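A.B. asks: Submitted below is the structure of interest, expressed as structure tokens.
2 protein chains.
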Amino acid sequence: MSEFDEAIRLEQGDSPTTRTGTFTEDWMIGNAVNGGIVMAAGLTALGQHLAADPTETTRHVDPVVVSAYFMTAATPGGFTASTEVMRTGRRLSTGQVSLLQEVDGDAVERMRAIASFGNLDAVVSDRQSPPPDLPPPDECLSSDDAPPDFLQHSRFLDRVEIRLDPETAGWAMGRPSMRGIIQGWLRLRDGREPDTTMLALALDAFPPVAFDLGLYGWTPTLEFTGHIRRRPARGWLRVVLTTENLGGGMLEEDARIWDSTGSLVAQSRQLCGVRPAG
Amino acid sequence: MSEFDEAIRLEQGDSPTTRTGTFTEDWMIGNAVNGGIVMAAGLTALGQHLAADPTETTRHVDPVVVSAYFMTAATPGGFTASTEVMRTGRRLSTGQVSLLQEVDGDAVERMRAIASFGNLDAVVSDRQSPPPDLPPPDECLSSDDAPPDFLQHSRFLDRVEIRLDPETAGWAMGRPSMRGIIQGWLRLRDGREPDTTMLALALDAFPPVAFDLGLYGWTPTLEFTGHIRRRPARGWLRVVLTTENLGGGMLEEDARIWDSTGSLVAQSRQLCGVRPAG
Numbered sequence: 004m005s006e007f008d009e010a011i012r013l014e015q016g017d018s019p020t021t022r023t024g025t026f027t028e029d030w031m032i033g034n035a036v037n038g039g040i041v042m043a044a045g046l047t048a049l050g051q052h053l054a055a056d057p058t059e060t061t062r063h064v065d066p067v068v069v070s071a072y073f074m075t076a077a078t079p080g081g082f083t084a085s086t087e088v089m090r091t092g093r094r095l096s097t098g099q100v101s102l103l104q105e106v107d108g109d110a111v112e113r114m115r116a117i118a119s120f121g122n123l124d125a126v127v128s129d130r131q132s133p134p135p136d137l138p139p140p141d142e143c144l145s146s147d148d149a150p151p152d153f154l155q156h157s158r159f160l161d162r163v164e165i166r167l168d169p170e171t172a173g174w175a176m177g178r179p180s181m182r183g184i185i186q187g188w189l190r191l192r193d194g195r196e197p198d199t200t201m202l203a204l205a206l207d208a209f210p211p212v213a214f215d216l217g218l219y220g221w222t223p224t225l226e227f228t229g230h231i232r233r234r235p236a237r238g239w240l241r242v243v244l245t246t247e248n249l250g251g252g253m254l255e256e257d258a259r260i261w262d263s264t265g266s267l268v269a270q271s272r273q274l275c276g277v278r279p280a281g
Numbered sequence: 004m005s006e007f008d009e010a011i012r013l014e015q016g017d018s019p020t021t022r023t024g025t026f027t028e029d030w031m032i033g034n035a036v037n038g039g040i041v042m043a044a045g046l047t048a049l050g051q052h053l054a055a056d057p058t059e060t061t062r063h064v065d066p067v068v069v070s071a072y073f074m075t076a077a078t079p080g081g082f083t084a085s086t087e088v089m090r091t092g093r094r095l096s097t098g099q100v101s102l103l104q105e106v107d108g109d110a111v112e113r114m115r116a117i118a119s120f121g122n123l124d125a126v127v128s129d130r131q132s133p134p135p136d137l138p139p140p141d142e143c144l145s146s147d148d149a150p151p152d153f154l155q156h157s158r159f160l161d162r163v164e165i166r167l168d169p170e171t172a173g174w175a176m177g178r179p180s181m182r183g184i185i186q187g188w189l190r191l192r193d194g195r196e197p198d199t200t201m202l203a204l205a206l207d208a209f210p211p212v213a214f215d216l217g218l219y220g221w222t223p224t225l226e227f228t229g230h231i232r233r234r235p236a237r238g239w240l241r242v243v244l245t246t247e248n249l250g251g252g253m254l255e256e257d258a259r260i261w262d263s264t265g266s267l268v269a270q271s272r273q274l275c276g277v278r279p280a281g
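Chains as they are written, first to last, in my numbering: chain A, 4 to 281; chain B, 4 to 281.
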């Protein structure tokens with residue numbers, strides 16, 4: 004089983020609406036479990052609930068849209084995903100998931116999301132923006148070249164391989180472009196190919212676009228909404244992050260992902276807090 | 004009281020978590036109550052609940068981010084908004100709202116949203132995209148010039164005044180630009196000035212961007228996420244809609260709004276279904 008599938012593996016809980024799993028230190032970034040993994044685990048729980056719902060007969064196996072609100076930072080250890088089916092329809096089925104962890108005997112909500120599932124088999128793109136022009140992965144900046152003390156606190160990067168376009172990686176050498184763009188390649192290190200659930204992780208896996216504005220502090224995700232529009236082809240994903248509105252201690256981060264065939268497969272926007280560095 | 008404030012006026016329900024109101028035909032567009040009004044009513048209910056919450060001491064009066072899922076079309080008549088406070092924090096407070104209408108004795112959920120409130124008083128913009136270059140409102144295409152049988156089914160346009168940049172309104176004469184952009188001006192006809200709750204309406208008030216791709220059918224909003232980033236100044240709002248991904252019977256619609264001082268005050272993205280024209 005791949006590292007990603009292991010991370011989002013769930014067991015049926017005490018009721019049809021609860022499932023349990025375990026976050027490990029392997030997916031930490033800084034002091035928290037990566038938000039993309041938290042979302043992917045929540046989506047998996049909701050997808051399993053939908054698949055088991057007797058009114059769901061349409062094989063809505065692909066997450067199509069998810070809106071997640073992050074309330075507290077997830078930490079290594081057990082978690083419970085509590086789900087509710089809100090509506091099963093012909094094209095989409097919609098539900099809600101709360102992801103909770105026990106802290107000092109209390110169930111603390113880490114994330115709550117509403118999401119719709121559909122079936123993205125054989126989607127044809129009628130019109131889409133072309134992928135960015137990137138140097139090949141081997142000519143990009145590897146996360147392996149990051150300072151060892153940074154990597155030590157980012158075990159996430161042992162699982163997810165990121166190669167940054169040198170044109171948008173000046174911030175790593177203290178020279179942010181101030182344009183608000185970071186782009187590059189992404190894949191899972193163990194060779195697990197992308198699918199629609201993995202795209203939810205990939206949309207929230209790159210370094211924060213705030214770095215390219217010279218903001219090196221913590222930029223917690225307050226809200227994240229992702230649209231998964233196609234099943235991705237095998238191979239490297241191309242990721243572009245942009246932002247155009249910084250103020251009031253917040254900025255938005257837009258992500259777009261194209262697959263190896265050049266299809267735009269996913270888009271997201273998140274609202275981030277901007278906290279001072281150090 | 005302004006037409007907008009009347010539309011979102013609520014009364015306390017049977018419990019601290021329920022409030023009731025009434026949708027009228029005045030805000031219909033086609034066969035449904037406009038989704039922006041549904042959202043604004045839901046946000047108002049959640050804001051009132053937060054303001055009444057004993058743990059809420061930080062005056063989080065402005066909706067900052069809202070993710071709304073539309074399950075069934077709202078119709079004229081009474082509604083109930085059922086709210087839950089999820090978390091009150093220093094910077095943001097977050098909660099959930101379900102908007103229900105009774106149909107044949109059953110409570111049917113029209114919309115469910117998660118939203119965070121904050122305080123946008125005295126926000127300074129550090130960096131933002133400039134507003135679009137638009138002809139003055141008097142040189143734009145007025146919704147008053149639309150065909151009478153169209154206006155008859157869009158009483159919404161008796162409340163909301165829209166002036167479209169002729170450069171992006173060719174679709175109204177059967178000549179869509181196929182670029183996927185619609186831009187123009189917006190204000191409330193009765194002179195009610197914009198505020199952060201009104202921006203939620205304004206983000207979902209323009210003709211669908213799908214029209215500029217020659218798609219004149221119904222494009223129901225499946226999911227809508229809006230970010231309100233500043234309190235808007237008095238006067239006309241500038242609205243720009245774009246899209247870059249159409250496929251699988253869905254497209255995304257991005258909206259951006261600048262106020263009369265040229266500040267970027269709100270952004271949104273919605274996932275729309277694409278249904279064939281009548």
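The beta carbon of each residue, even a glycine, is placed where N, CA and C say it ideally should be. Predicted model, so just to flag it, every value in this text is computed and none were measured.
Determine the chain A residues that contact His230(B) at a beta-carbon separation under 9 Å, and present them in chain order.
C.D. replies: If you number the second sequence from 1, residue 230(B) lands on position 227. Neighbours of His230(B) on chain A, chain order: Glu226, Asn248, Met253, Glu255, Arg272 and Leu274.
A.B. asks: If you pair each beta-carbon of the stretch 4 to 18 of chain B with each one of the stretch 169 to 182 of chain B, do three or more pairs fall below 8 Å?
C.D. replies: no
A.B. asks: Between the alpha carbons of Ser266(A) and Asp129(A), how many angstroms are there, rounded?
C.D. replies: Within the first sequence, residue 266(A) is the residue found at index 263, counting from 1. Within the first sequence, residue 129(A) is the residue found at index 126, counting from 1. C-alpha separation (whole angstroms): 11 Å.
A.B. asks: Can you pull out the residues from the stretch 119 to 141 of chain B whose beta carbon lies closer than 7 Å to at least one beta carbon of chain A?
C.D. replies: Ser119, Leu123, Val126, Val127, Ser128, Asp129, Arg130, Gln131 and Ser132
A.B. asks: Could you check if Asn37(A) is buried or exposed, using at least 16 other CB atoms within 10 Å of its CB as the buried criterion?
C.D. replies: Translated into the one-based positions of the first sequence, residue 37(A) becomes position 34. Its Cβ being crowded by 16 or more others within 10 Å, Asn37(A) is buried.
A.B. asks: Measure the beta-carbon distance from Phe7(B) to Phe82(B) and round it to whole angstroms, keeping in mind my assumption that it falls under 8 Å.
C.D. replies: One-based indexing of the second sequence puts residue 7(B) at position 4. One-based indexing of the second sequence puts residue 82(B) at position 79. Incorrect: roughly 16 Å between the Cβ atoms, too far for contact.
A.B. asks: Just how far apart, CA to CA, sit Val100(A) and Met31(A)?
C.D. replies: For the purposes of this step, residue 100(A) is taken as residue 97 along the first sequence, with counting starting at 1. For the purposes of this step, residue 31(A) is taken as residue 28 along the first sequence, with counting starting at 1. Approximately 22 Å, taken between the alpha carbons.
A.B. asks: Please confirm whether Tyr72(A) has its beta-carbon closer than 9 Å to some beta-carbon of chain B.
C.D. replies: The residue labelled residue 72(A) in the question sits at position 69 within the first sequence. Yes, Tyr72(A) counts as interfacial toward chain B.
A.B. asks: Could you tell me whether the Cβ of Val243(B) comes closer than 9 Å to any Cβ of chain A?
C.D. replies: Walking along the second sequence from the start, residue 243(B) turns up at place 240. Output row for Val243(B): interface = no.
A.B. asks: Should His156(B) go down as buried or exposed, given a rule of 16 or more other Cβ atoms within 10 Å for buried?
C.D. replies: Position 153 of the second sequence, counted from the first residue, corresponds to residue 156(B). Its Cβ having fewer than 16 others within 10 Å, His156(B) is exposed.
A.B. asks: Can you list, in chain order, the residues of the stretch 76 to 101 of chain B whose Cβ is nearer than 8 Å to any Cβ on chain A?
C.D. replies: Met89, Arg90, Arg94, Leu95, Thr97 and Gln99
A.B. asks: Let's see if you can read the secondary structure: which residues bound the alpha helix (DSSP H) around Met42(A)?
C.D. replies: Start at 1 with the first residue of the first sequence, and residue 42(A) comes out as number 39. Here the alpha helix (DSSP H) through Met42(A) covers Gly38 to Ala55.
A.B. asks: Taking DSSP as the reference, what is the three-state secondary structure of Arg158(B)?
C.D. replies: The count along the second sequence starts at 1 and reaches residue 158(B) at position 155. When secondary structure is reduced to three states using DSSP, Arg158(B) falls in the helix class.
A.B. asks: DSSP state of Val212(A), grouped into three classes?
C.D. replies: As a first step, residue 212(A) is located in the first sequence; it is residue number 209 there, counting from the start. In the structure shown, Val212(A) sits in a helix (DSSP, three-state: H, G or I).
A.B. asks: Whole beta strand (DSSP E) runs in the stretch 116 to 146 of chain B with 3 or more residues, listed along the chain?
C.D. replies: If we require 3 residues or more, the beta strand (DSSP E) runs fully inside the stretch 116 to 146 of chain B come out as 128 to 131.
A.B. asks: Go through its chain and collect everything with a Cβ distance to Leu103(A)'s Cβ below 6 Å, but skip five positions before and after it.
C.D. replies: In the first sequence, the residue the question calls residue 103(A) occupies position 100. Counting only Cβ-Cβ distances below 6 Å, and skipping sequence neighbours, we find Thr83, Ala110 and Glu112.
A.B. asks: Using a Cβ-Cβ cut-off of 8 Å (strictly less than) and excluding sequence neighbours within five positions of Ala35(A), which residues of its own chain qualify?
C.D. replies: Indexing the first sequence from 1 puts residue 35(A) at position 32. Taking Ala35(A) as the centre and dropping the five residues before and after it, the same chain places the C-beta of Ala76, Ala77 and Thr78 closer than 8 Å to its C-beta, in chain order.
A.B. asks: Rounded to whole angstroms, what's the CA-CA distance from Gln186(A) to Ala203(A)? Just pull it up for me.
C.D. replies: Along the first sequence, read from residue 1 onward, the residue named residue 186(A) stands at position 183. Along the first sequence, read from residue 1 onward, the residue named residue 203(A) stands at position 200. Gln186(A) and Ala203(A): Cα-Cα distance of roughly 17 Å.
A.B. asks: Taking the DSSP output, what are the residues bridged to Val100(B)?
C.D. replies: The residue given as residue 100(B) occupies position 97 in the second sequence. DSSP lists Thr86(B) and Ala116(B) as partners of Val100(B).
A.B. asks: From the DSSP output, in three-state form, read off His261(B) for me.
C.D. replies: For the purposes of this step, residue 261(B) is taken as residue 258 along the second sequence, with counting starting at 1. The question names His, but residue 261(B) is Trp in the sequence shown. The three-state secondary structure of Trp261(B), taken from DSSP, is strand.
A.B. asks: Grouping DSSP H, G and I as helix and E and B as strand, with all else coil, what is Asp207(A)?
C.D. replies: Sequence index remark: in the first sequence, residue 207(A) carries index 204 (1-based). Three-state result, Asp207(A): coil.
A.B. asks: Let me check one thing: in DSSP terms, what residues is Ala269(A) bridge-paired to?
C.D. replies: Here residue 269(A) refers to the residue found at position 266 of the first sequence. Per DSSP, Ile231(A) and Ile260(A).
A.B. asks: Counting Cβ pairs closer than 8 Å, one from the stretch 257 to 276 of chain B and one from the stretch 137 to 144 of chain A, do we hit at least three?
C.D. replies: With contact defined as three or more Cβ pairs closer than 8 Å, the stretch 257 to 276 of chain B and the stretch 137 to 144 of chain A are not in contact.
A.B. asks: Can you pull out the residues from the stretch 152 to 165 of chain B whose beta carbon lies closer than 7 Å to at least one beta carbon of chain A?
C.D. replies: none
A.B. asks: Excluding sequence positions up to five away, which residues of its chain have a Cβ less than 6 Å from the Cβ of Phe214(B)?
C.D. replies: Numbered from 1 along the second sequence, position 211 holds the residue referred to as residue 214(B). Correct list, in chain order: Trp174.
A.B. asks: Answer yes or no: does any C-beta atom of chain A fall closer than 9 Å to that of Leu202(B)?
C.D. replies: What you label residue 202(B) is simply residue 199 of the second sequence in a count that begins at 1. Judged by the 9 Å Cβ criterion, Leu202(B) is not in contact with chain A.
A.B. asks: Do you know whose CA, among Gly45(B), Arg192(B) and Val277(B), lies nearest Leu255(B)'s CA?
C.D. replies: Taking the second sequence and counting its residues from 1, one reaches residue 255(B) at position 252. According to the sequence provided, residue 255(B) is Glu. The question's Leu does not apply to it. Checked all of Gly45(B), Arg192(B) and Val277(B); the closest Cα to Glu255(B) is Val277(B).
A.B. asks: Beta-carbon separation of Gly183(A) and Glu226(A) under 9 Å?
C.D. replies: On the first sequence, position 180 is the one that residue 183(A) refers to. On the first sequence, position 223 is the one that residue 226(A) refers to. Their beta carbons are not under 9 Å apart, which means Gly183(A) does not touch Glu226(A) by this criterion.
A.B. asks: In chain order, what residues of the same chain have a beta carbon less than 8 Å from the beta carbon of Pro19(B), not counting five sequence neighbours either side?
C.D. replies: Here residue 19(B) is taken as the residue at index 16 of the second sequence, counted from 1. These residues qualify, in order along the chain: His52 and Ala55.
A.B. asks: Report all residues from its chain with a CB closer than 7 Å to the CB of Val41(B); omit the five preceding and five following residues, and keep chain order.
C.D. replies: On the second sequence, position 38 is the one that residue 41(B) refers to. Excluding residues within five positions, the ones whose Cβ falls inside 7 Å are Ala77, Leu102, Arg113 and Met114.
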